[in-house]
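Colleague:
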Amino acid sequence: MNKRLIDYQPMDLAQPAELVAAIRKRRGGKFINLDRMLLHSVPIAEGWNHYIGAIRNQLSLDPKLRELGMCGVAVLNGAEYEFIHHAPPFKEAGGTQEQVEALRLLGQATFPKHLFNSIEQDAAELTLQMTRNIQVHPELMKRLHTELGNTAVVELVSVIAAYNMVSRFLIALDVTPEDH
Numbered sequence: 001m002n003k004r005l006i007d008y009q010p011m012d013l014a015q016p017a018e019l020v021a022a023i024r025k026r027r028g029g030k031f032i033n034l035d036r037m038l039l040h041s042v043p044i045a046e047g048w049n050h051y052i053g054a055i056r057n058q059l060s061l062d063p064k065l066r067e068l069g070m071c072g073v074a075v076l077n078g079a080e081y082e083f084i085h086h087a088p089p090f091k092e093a094g095g096t097q098e099q100v101e102a103l104r105l106l107g108q109a110t111f112p113k114h115l116f117n118s119i120e121q122d123a124a125e126l127t128l129q130m131t132r133n134i135q136v137h138p139e140l141m142k143r144l145h146t147e148l149g150n151t152a153v154v155e156l157v158s159v160i161a162a163y164n165m166v167s168r169f170l171i172a173l174d175v176t177p178e179d180h
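Set out below in structure tokens:
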């Protein structure tokens, strides 16, 4: 087994106290391995906690669409850690176990679109296009804008962009699920 290039910060890390407290508060009192890796750089951890905290907790976007985007990015980029952390909130927001399993097929010809309503299908397609192609078909953006409006489209695009950043960080630094 390969040794991790950069070890996680300790679970009982106490400094910088204000940042550690803010991260623990957002996480319900604990750290996850992502936090423990981020804390090697205080400016990155501070910015991440603020920005991703806003993405996770302050948007007006339907939480199911938010988590669909996050799960879709995870699958498309091979970031299992990200998927493990976002499948439960997707279900809490109204997704089904069948939809969770279907999201694992995003980007494949066998993706069962019929399990999702039309706006969810468009959100999944947006996730696919932004993650794989970067550019998005204008017709898709028009449909999303008509259905969701300015704020929700900006928020959905931001979620997908942000979680592409998250997955790339996780994969490059080999951040693994907490049970490993």
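Take the sequence shown: its letters are residues 1 to 180, numbered as in UniProt numbering. Glycine included, every Cβ here is placed at the ideal spot set by N, Cα and C.
Quick one, which of Ala45, Lys3, Arg4, Ala162 has its alpha-carbon nearest proline 15's?
Modeller: The amino acid occupying residue 15 in the given sequence is glutamine; proline does not appear at that position. Of the candidates Ala45, Lys3, Arg4, Ala162, the one whose C-alpha sits nearest the C-alpha of glutamine 15 is Ala45.
Colleague: Alpha carbon to alpha carbon, what distance is there between valine 159 and glutamine 99?
Modeller: Near 19 Å, if we compare the C-alpha coordinates of valine 159 and glutamine 99.
Colleague: Going by alpha carbons, who is nearest to phenylalanine 90 out of Phe116, Pro112, Phe111?
Modeller: Cα-wise, what sits closest to phenylalanine 90 is Phe116.
Colleague: Take the Cβ of serine 41 as the centre, count every other Cβ of all protein chains shown within 10 Å, and call the residue buried at 16 or more, exposed below.
Modeller: Serine 41 should be labelled exposed.
Colleague: Under 7 Å between the Cβ atoms of glutamate 175 and threonine 131?
Modeller: The sequence shown places valine at residue 175, not glutamate. No, the Cβ-Cβ distance between valine 175 and threonine 131 is not below 7 Å.
Colleague: When you compare the CB positions of threonine 151 and serine 60, do they come within less than 7 Å of one another, or not?
Modeller: The answer is yes: Cβ separation under 7 Å.
Colleague: Tell me whether serine 60 sits in a helix, a strand or coil according to DSSP, three-state version.
Modeller: In this structure, serine 60 counts as coil in the three-state DSSP scheme.
Colleague: Quick check on the burial criterion: 16 or more other C-beta atoms within 10 angstroms. Buried or exposed for glycine 78?
Modeller: Exposed, because fewer than 16 other Cβ atoms sit within 10 Å of the Cβ of glycine 78.
Colleague: Need the endpoints of the alpha helix (DSSP H) that histidine 85 sits in, please.
Modeller: Histidine 85 -> alpha helix (DSSP H) spans 80-92.
Colleague: Less than 8 Å between C-beta atoms, sequence neighbours within five positions excluded: which residues of the same chain meet that for methionine 11?
Modeller: Excluding positions up to five away in sequence, the list reads Phe31, Arg36.
Colleague: How would you write the range of the alpha helix (DSSP H) that tyrosine 163 sits in, first residue to last?
Modeller: Taken as a continuous stretch (DSSP letters only), the alpha helix (DSSP H) holding tyrosine 163 covers 150-172.
Colleague: Give the straight-line distance between the Cα atoms of histidine 180 and isoleucine 119, rounded to the nearest whole angstrom.
Modeller: Bear in mind that a pLDDT of 48 at histidine 180, under 50, signals an unreliable position, so the number given afterwards is only what the model happens to contain. Spanning the two alpha carbons is a distance of roughly 36 Å.
Colleague: Specify the secondary structure class of valine 20 as computed by DSSP and reduced to three states.
Modeller: In this structure, valine 20 counts as helix in the three-state DSSP scheme.
Colleague: Look up proline 10 in the DSSP assignment and say whether it is helix, strand or coil.
Modeller: Coil at proline 10, not helix or strand.
Colleague: If contact is defined by three or more beta carbon pairs under 8 Å, each pair taking one atom from either stretch, is the stretch 19-30 in contact with the stretch 46-58?
Modeller: The stretch 46-58, when compared against the stretch 19-30, does touch it at the 8 Å Cβ threshold.
Colleague: Using three-state DSSP, classify valine 175 as helix, strand or coil.
Modeller: Three-state DSSP puts valine 175 in coil, outside helix and strand.
Colleague: Assign glycine 69 to one of two classes, buried (16 or more other C-beta atoms within 10 Å of its C-beta) or exposed (fewer than that).
Modeller: Looking at its Cβ environment, which holds 16 or more other Cβ atoms inside 10 Å, glycine 69 is buried.
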